[in-house]
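Residue numbers (my numbering): 688 to 799.
Listed below in structure tokens is the structure:
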């Protein structure tokens with residue numbers, strides 16, 4: 688009986704197909720439809736979005752699921768990484784290039 692009570696006190700989790708525990712959802716497709724890639728930073732997630740058709744951008748959301756801002760303008764974004772200095776690099780198949788963006792402190796992320 689004690690084991691049964693202990694199970695009830697545990698937080699609710701669902702099991703995903705891959706066997707991982709599911710705890711919380713961020714975005715819920717309100718602002719993150721067609722997510723191509725994500726970068727986890729200190730307090731935020733950068734989500735690379737490909738639009739329905741052509742185009743794309745980066746959305747910044749925090750762990751409270753708040754939409755902080757959107758930036759970037761890409762034709763067909765595919766992948767994104769961040770270096771140790773905080774610069775974001777986005778590969779764009781539509782432009783056949785890699786875009787580099789840096790946070791300038793005032794305007795947010797701007798092309799380098």
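Where is the CB? At the ideal position from N, CA and C, for every residue including glycine.
Legend entry - Extent of the continuous beta strand (DSSP E) run through residue 772: Note, residue 772: premise wrong, no beta strand (DSSP E); not H, not E.
Inset, instruction - Can you say whether residue 735 is buried or exposed, counting buried as having 16 or more other CB atoms within 10 angstroms of its CB? - result: Per the 10 Å Cβ criterion, buried.
Inset, instruction - Within its chain, find whatever has a CB closer than 6 Å to the CB of residue 745; leave out the 5 residues flanking it on each side and keep chain order. - result: If you ignore the 5 residues before and after residue 745, its C-beta comes within less than 6 Å of the C-beta of 733, 735, 758 and 759, all in its own chain and listed in chain order.
Legend entry - Nearest candidate by alpha-carbon position, reference residue 742, set 789, 779, 791 and 788: Residue 779 is the option with its Cα nearest to residue 742.
Legend entry - Under the three-state DSSP convention, the category residue 741 falls into: Looking at residue 741 - three-state DSSP - the assignment turns out to be coil, as it is neither helix nor strand.
Inset, instruction - State the Cα-Cα distance for the pair residue 728 and residue 784, rounded to the nearest angstrom. - result: Looking at the two C-alpha atoms, the distance is approximately 24 Å.
Inset, instruction - Could you name the residues of the same chain whose beta carbon sits closer than 6 Å to that of residue 776, not counting the 5 residues immediately before and after it, in chain order? - result: The residues are 768, 785 and 787.
Inset, instruction - Name the two residues that bound the continuous beta strand (DSSP E) containing residue 780. - result: Run containing residue 780: none; DSSP gives neither H nor E here.
Inset, instruction - May I have the straight-line CA-CA distance separating residue 773 from residue 766, to the nearest angstrom? - result: C-alpha separation (whole angstroms): 16 Å.
Inset, instruction - Leaving out five residues on either side along the sequence, give the residues of the same chain with a beta carbon under 6 Å from the beta carbon of residue 722. - result: Same-chain partners within the cutoff: 734.
Legend entry - For residue 760, the residue or residues it bridges with in DSSP: Paired residues: none, contrary to the question.
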